[in-house]
Structures are given as C-alpha cells and as structure tokens.
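Residue numbering for the first sequence is 125 to 794, as defined by the working numbering.
A quick write-up on the structure given underneath.
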Amino acid sequence: MREGGQPPRGAAPEPPALPLDFGRALNPEQLAAATAPDGPVLVLAAAGTGKTRTLVYRVAYLAARGVAADRILLLTFTNKAAREMLERARQVAGAAVSGVWGGTFHHLAHRILRRYAPHLGYGSDFTILDRDDARQLVTSCVRARRLERRDFPRSAVLLSLFSTAANTETPLERVAQERFVSAAAGDLAAEPRDVLAVHAAYETRKRELNAMDFDDLLVNCLRLFREREEVLRRYQEQFAHVLVDEYQDTNTIQAELVDRLAAGTRNLLVVGDDFQSIYGWRGADYRNILSFPERYPDARTYKLETNYRSVPEILVLANACMAAQPEQFQKTLRPTREARHRPRLLRLRDGDEQARAVVESVRRFRQAGYGLSDIAVLYRAHFHALELERALAAARLPYVITSGVRFFEQAHIKDVCSLLKILVCPTDELAFTRLLTLLTGVGEKTAQKVWAGLGRRFDARDPAARGRLEAALRPAARAAWRKIAGALDELQGAAPDGSAGGRAVEQFAQRFYEDYARRTFEEWESRLEDIQALADDMGRYESVAAYLNEMALLTNVDAEADAAREGAGGEALRLSTIHQAKGLEWPVVILLWVCEGMFPSPRTLAENFGGEAEERRLFYVAVTRARDELCLCVPELRRMRDGGVIYCPPSRFVRELPPRCVQELRRVSF
DNA sequence: CCCATCATGGTTTTT
DNA sequence: CCATGATGGG
C-alpha cells in the first residue's frame, strides 16, 4: 500500500517553504497550530474559532512537507466530518492528500478487526450488531435465565450498563451497584448477580453468533493492541501522524487506542474544547483533554479563542454560560464580527403557541433575506419537536429532520439487508431468522427450529440446502419462501458485486416485499422508495459485503449527507437534536423548550452527579451554532396526553444569565 | 405450543 | 409514536 520514494522513517524531512496562502488563510493562532513541529500537540479550540480549518491546513501542511498521505490518520466524530475535511484539504494541497485515512474510531477499529479478528478467536466475517440487534439478543438472554419479572430492567437499560462498563473499563458489578442499589434506582430493581449473569450469557451468544456490538469494536481493537504487539507495531509504522478531532468526547478506550497508536512517533495532534464535551453518558471523559499535558509533558498547547462565527451579542451569552461553571477550563470567546442585536427570548404559552411562533419567525427571517436552509431548529430530545412538525406540515414549509431512528435501523431496511447478509455469510443466524420470520406463520421459535435443522448454516446458492429449507416449511410459508428464493437467483455466481446485489433487492421487493409492506406498514410507499434508493446506492459499491460493512457504521448525520447528495438538496428548514448539530452552524438558530423539566433533562439530573454541568455544556453548544440570529423559546405550559398541564419555569440556563443578555419578547403577534 | 393482533403505557442524548 | 404484554386463533 505504501508508496516508495519517501524519506526514511524517523528522519525529519526538511520543511519546504510554505505556500503563501497558509499565512493568508489562517490567523496567527491557527497558523501556529497548523504548522506545529512534530511531537504531541494539544489544540484547545473554542466554538467557532476555525477548528476545522486548522485541521484541514494541518493535513495539507503535513502533505506539503512530504508526509505520504496514507501515513496520516484523521479520527473524527462522524464520517461526514472526515469526508468534508479531506475534501477541503484536497482543495488546498491537491492530490498530495488523497489517500489520507479519515473516519470514526469505530470505523478504524472495524477496519483493523476485519483483518485481525481471527487473532482474538473471531471469524474475519464477523457481523456487527446494531442497537436493535443487541437489544433483542439481551432480551433472549434474560428470558433464557427466566429473569423476565416485571421489575427486571429492560434490555435497553441493561445494555447501557454493559456499555458504560465497557467504555469506561469499570467492572460491571460496580456499574450495576451504582445504578440499581443506590438511592436513585427508584422503580428498577435487579441483583447485580443477575445483571452479571445476563451479561455473561450475552457475551457467550455474541461469540456463538460471531458478532460484535459497537462497543466490542473498540474493546477488541484495544485488546488486539494490548495483546498483539506485532499488530500494534504494524499500525504504528503505518501511521506516522495521528490527528484526532473532538478529542473532548473520547472515552477511556478511545484515548488509550490513540495513545498506543501514536506511541511510536509521538506525532499526535488532538483538537477539542472541554466545554463542548456532551457525550459523558456514553463514557466520554473530558478529563482526557484536560490531562493531555500531563500525559504528554512535552506537548505544545495552542489556544484558539478568536471567534469568526457569531455576532458579539451571542458570544456574550456563550461566555456567560461558561462562567456559570467555574470548575472548568476558563476561556473567553473574542468576537470579530460587528454588533447586531441581542438574542431573543420568546415567552410562549405552550407547545402549540411555540410551534406557531417558529412558523411565524421563519416567515420573517425569509422576508429578511434568509433561505430556509439557513435556519435550524434545535432541541434537547426528539419528542420536543412533535408539535412543530405538525405545524410545519400544515404551513407547507419543507423541513428535514434527523429523527431518532437511523436509516439503516428501520425495519424494512433491515429486512432487505438480512437477505443480503445471509447470502454473503451463510452462518449469519440473525439474518436468517429475521428473513424467515417475514413469512406468515413463521415466528421466532419456528425459525430457530428450521435453522437448527439446517445445521446452523444456510447457503442460498446450494440447491440442496434450498430444498431442505422448503421441506421444513408449512405449505403457506413455503409458497411465500419461493418468491424470496426467486430473488436469490439474481446472485448466482461468486462474490456478488454491488449492482447484482441491487438487482436482487429489486427482485425481492417486486416478488415478495411489496405485498408484505402493504399489509404491514401504514406508510408502505415511502418504505418501498427507501428500498429502491438502497438498491440504487448499492450499485456504487464493488461488493455486497463491502456495502453491508460500510452501512453498519453509518451515523444519522452520515446517512443524511448521502441522501442530500442524491436528492440535489432543495431548500428546507433543518430540525435536529443539539447532539446531532455538533460541529455545524447556521445563520439562524431557534432553540425549543428552554424550560425546566425539558432542558436540562430531568433524567440526566437524577441519574448522575455531573449531569447539570453536561447539560449546561449542551446549552453552550446549542447557542454557539448560531451566526446571526438566536431565538430561545420558553413555553410556560406543557400539555400532557391525559389533559393535565405542567407549569414550566424558564430553564436555569436562562435564569442564571446576567441581566440584559437577551431581549425578552412576551407576546408574539400573529 | 406458537403466532398474530390489539391495547396500552411511557418517551434523552448515539457509535 | 414505538415497544411490550395480554388475548385469541391455528
């Protein structure tokens, strides 16, 4: 893979004169960081200070200095972020940067494990369990141990415990103790002993299935690095420079992965902002970034504090928000833009009035010259946008929403993919049972029985196996199965390429799934459209297997970027959780439900001690997404489905602001 | 015994 | 609006 003709490893190449535009494109802070000498580097980049630009130019700088592109590793929070940065770097440095490896931690771990998982006792064709797969597997483990009492925790809760234990390298027993035995446990009750038993069963089942969940990707990659020195060394030699974006959101495992990867050259550059750490609940620990100078005493630290994004009035609010949390790294955002006006605080009666106010505000912003895609509506939790979605539909305002369910986690997509998975991997039990339970009259039990009867593998290209499967089915199911089998004929031959896979999916939809969707889903039409889009999309991949691997790790943001590229992106309002708005910006930002009981989230406050601080950082992230205009909506009532109302005082994050930070509007005229 | 259907209850954030 | 739980049919 490596190109010849590069300087020998370890020798410091003579830096060529910098292209002039480096100095023009970057301010002195950014330039210093982007052109920092080799060795450990910490870049503390507050919101809107050109963090991405700095990373882009760092990549370009390394390439210009003669570092081969494939020896640069860029770890980002989403794949989309990596893609965009590398695209921009290409504009600056040209072809010298093509071949830089960029992506998420999970992506990197996945890539390494595809190659080396056999060292850990997995087959290299292991499958990846998404959240729903994992949940169902845990449920089956709970049932197998006859623990399914009413007060036993839900599988999703158990999984979050497993995940916390894995990502923070804390013994599960302690995590379970803290969660279920402490005072906050409330209605949940579980013996740590039972939790451990379920966990053990879950681990065993994953092994049997040759499957890894998301956490396993990281955990196993780290295990590989710890236990297999030759593997670690191979990657240390491959990557001469490691760059990490959003470092404040790394967890213990990710931090160690990075430390080990960079241990050879120590050319490690991390960028982040401790005040934008918002993934603590997923094991992220902002102390990773705070302690970086201790772990790397020779690290150079660069601070970016000049904000190019927001008008000064928004930064006043952001700075005040940070000041409310004295225990954190203090920094001050310095404005560069001209004064405009203060953020607005809209006092509203309830969620419906809030929705109408947003629609009205959007109209006004459009009159003022903004396009719909210049405007984003952000909120703490998906369900906060319910009334607004209705109002936008009624007002015929086009909007795009990153909903809670990811594209590839929707039932119909997973149904189609199970067909492809069993083709690619005849031992994929989950894919087989999922496919079979699509047949009327076949449920979990029957599917299991058939699977066992087939010897726990099903090679769809083997006529004998297909004969045995048909024989095992009841007549009604058999007829339905024959329709599916017809689609499999599209894939005769060796490893199917993407376009053959696409044709198989189309056949599957025509012969079987269309009928199934009509009787199963209310909005069957849009689901069939999704399937067609998937079939088209797959054609771009060289193999079905490559496509399946890729999609397992796509994030919401990634998937939606793909959709936008396909759909030629019409003008639309953006609706998003604050978490998914991380790293993005808009001229106009409207923040919903800035009230107690909604934001901060009461569950977070109850569950963990640092909860309020993280919610405050989330508020900071939300307000610093705005360039020109920021509106905070504060409804005073929540209407519950049972007809009751709950009074909501304004959020503490608003009340703790110094006076005159915002302009209060009590009534909006319609 | 196993599967499908309907009612019901309770909602954070995501790789 | 989705996941689980009771119920009835095969």
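All C-beta atoms in this analysis are idealised placements derived from N, C-alpha and C, irrespective of residue type, glycine included.
Bear in mind that the values here come from a model prediction, so they are computed numbers and not experimental data.
Output the distance between the C-alpha atoms of L199 and A364, rounded to the nearest integer angstrom. The alpha-carbon of L199 is positioned some 14 Å away from that of A364.
Cα-Cα separation, H231 to T460: Roughly 37 Å between the two C-alpha positions.
Taking the alpha carbon of I499 as the point to measure from, which residue in F532, S485, T251 and G475 has its own alpha carbon closest? Comparing Cα positions, the closest option is S485.
In the DSSP assignment, find the unbroken alpha helix (DSSP H) run with M675 in it and report its ends. In the DSSP assignment, M675 falls within the unbroken alpha helix (DSSP H) covering V668 to A676.
Which partner residues does W78 have in the DSSP bridge list? Nothing can be reported for residue 78: it is not among the residues displayed for the chain, which extend from 125 to 794.
Residues of its chain near Q787, where Cβ-Cβ distance is below 8 Å and the 5 sequence neighbours each way are ignored: Hits under 8 Å: H465, R466, P467, R468 and L469.
Starting from H230, follow the alpha helix (DSSP H) in both directions and report where the run begins and ends. H230: member of the alpha helix (DSSP H) spanning F229 to Y240, first to last residue.
Could you please give me the residues that DSSP links to E753 through a beta bridge? Bridge partners of E753 according to DSSP: V712.
Assign E429 to one of three DSSP states: helix, strand, or coil. Here DSSP, grouped into helix, strand and coil, assigns E429 to coil.
Check S415 in the structure and name its three-state DSSP category. Secondary structure of S415 (DSSP, three-state): coil.
Can you give me the C-alpha to C-alpha distance between R350 and G245, rounded to a whole angstrom? A direct Cα-Cα distance of roughly 15 Å separates R350 from G245.
Rounded straight-line distance, which links the Cα of A676 to that of Q360: Between Q360 and A676, the C-alpha separation is close to 26 Å.
By the DSSP assignment, the beta strand (DSSP E) with M336 in it spans what residues? Note, M336: beta strand (DSSP E), A335 to D337.
Would you decide whether Q400 is buried or exposed? Buried here means 16 or more other CB atoms lie within 10 Å of its CB. Classification for Q400: buried.
Going by CA-CA distance only, name the one from V266, Y403 and S527 that's closest to D373. Selection V266, Y403 and S527 evaluated against D373 yields Y403 as nearest (Cα-Cα).
Rounded separation between H536 and A481 - CA only: For H536 and A481, the distance between alpha carbons rounds to 36 Å.
Suppose the cutoff is 8 Å on Cβ atoms and the five residues either side in sequence are ignored; what does the same chain contact list for L472 look like? Taken in chain order, the residues that qualify are Q478, A481, C757, V758, P759, E760 and V792.
Would you check if the distance between the CB atom of T430 and the CB atom of T173 is smaller than 7 Å? Yes, they are a contact pair.
Considering just the uninterrupted stretch of the beta strand (DSSP E) at I252, what are its terminal residues? Its beta strand (DSSP E) spans residues T251 to L253.
Coil, strand or helix - A463 by DSSP: Looking at A463 - three-state DSSP - the assignment turns out to be coil, as it is neither helix nor strand.
Can you grab the Cα-Cα spacing for the pair L210 / L367, in whole Å? The C-alpha of L367 is placed about 12 Å away from the C-alpha of L210.
Should the segment 516-532 be called in touch with the segment 635-653, which here means at least 3 C-beta pairs below 8 Å? The answer is no - the segment 635-653 does not touch the segment 516-532, with fewer than three Cβ pairs under 8 Å.
What does a CB cutoff of less than 6 Å around R298 pick up in its chain, not counting 5 residues either side in sequence? A distance below 6 Å between beta-carbons, with the five flanking residues on each side excluded, links R298 to no residue of its chain.
Quick check on this structure: which residue in V629, A657, F636 and R585 has the alpha carbon closest to the alpha carbon of P668? The question names Pro, but residue 668 in the sequence shown is Val. Check the Cα spacing between V668 and each of V629, A657, F636 and R585: the tightest is with V629.
Helix, strand or coil at E695 [DSSP, three-state]: Looking at E695 - three-state DSSP - the assignment turns out to be coil, as it is neither helix nor strand.
Residues that A169 bridges to, as DSSP identifies them: In the DSSP output, where bridge partners are listed per residue, A169 has L428.
Using the C-alpha atoms, what's the distance from D339 back to L320? Across the structure, L320 and D339 are spaced so that their CA atoms are roughly 17 Å apart.
Taking the alpha-carbon positions, what's the P131 to R189 distance? The pLDDT assigned to P131 is 40, lower than 50, so where the model puts this residue is not dependable, and the model offers no usable value.
From L729, P436 and G622, pick the residue whose C-alpha is nearest to that of D797; which is it? Since the first and last residues shown for the chain are 125 and 794, residue 797 lies out of range.
Helix, strand or coil for A386 per DSSP? When secondary structure is reduced to three states using DSSP, A386 falls in the coil class, being assigned neither helix nor strand.
Within 10 angstroms of its Cβ, does E739 collect 16 or more other Cβ (buried), or is it exposed? Buried: at least 16 other Cβ atoms inside 10 Å.
Segment contact, 8 Å Cβ cut-off, at least three pairs: the segment 736-752 with the segment 161-176: Segments in contact, yes.
Does the Cβ-Cβ distance between L393 and V713 come in under 7 Å? Not in contact: L393 and V713 (Cβ atoms no closer than 7 Å).
Could you pull out every residue in the same chain whose Cβ sits closer than 6 Å to the Cβ of Q154, ignoring the five residues on either side in sequence? Here Q154 has G174 and T178 as same chain residues with Cβ atoms under 6 Å from its own Cβ, once five neighbours each way along the sequence are excluded.
Once you ignore the five residues that flank N151 on each side, which residues in its own chain have a CB closer than 7 Å to its CB? T430, listed in sequence order.
Per DSSP, which one or two residues make a beta bridge with T328? Beta-bridge pairing links T328 to no other residue.
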